[in-house]
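This report concerns only the one structure given below.
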Amino acid sequence: MSKFLDRLSEFLAHRKGLLPLIGICLIVINLFLQFIIPGNIIATSNLFLHIGAIIAIFGMMLAWAL
3 MSKFLDRLSE
13 FLAHRKGLLP
23 LIGICLIVIN
33 LFLQFIIPGN
43 IIATSNLFLH
53 IGAIIAIFGM
63 MLAWAL
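Counting from 1, position 46 in the sequence shown corresponds to residue 48 in our numbering; the numbering is continuous, with no gaps.
Structure, rendered in structure tokens:
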């Protein structure tokens, strides 16, 4: 587990904007899902919106620390 975290931190240290970018993409996907398939359970629960916000905030906090 320690080696995995070391490799992950090395990978993310060189790509500090990757996690916020993924989070923003998930938020945009949620926006499009609400208009394309309005009755979809994923769109009505805003699942991608919440996951995207969490990933984006976590990515900004991690980028600050690295």
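In this text, a Cβ means the ideal position worked out from N, Cα and C, and glycines have one as well.
Check: Using 8 Å as the threshold, is the stretch 15-26 in touch with the stretch 49-60, meaning 3 or more CB pairs across them?
Finding: Yes, the stretch 15-26 is in contact with the stretch 49-60.
Notebook entry, point to check: Cβ of residue 1 within 8 Å of Cβ of residue 13?
Noted result: Nothing can be reported for residue 1, as the shown portion of the chain is limited to 3 through 68.
Checklist line | residue 1 in three-state terms, based on DSSP | finding: Since the first residue of the chain shown is 3 and the last is 68, residue 1 is not available in this structure.
Item checked: Exposed unless 16 or more other CB atoms sit within 10 angstroms - verdict on residue 41 -> Classification of residue 41: exposed, given that the 10 Å Cβ count is below 16.
Check: Using the beta-carbon count (16 or more within 10 Å), is residue 45 buried or exposed?
Finding: That one is buried.
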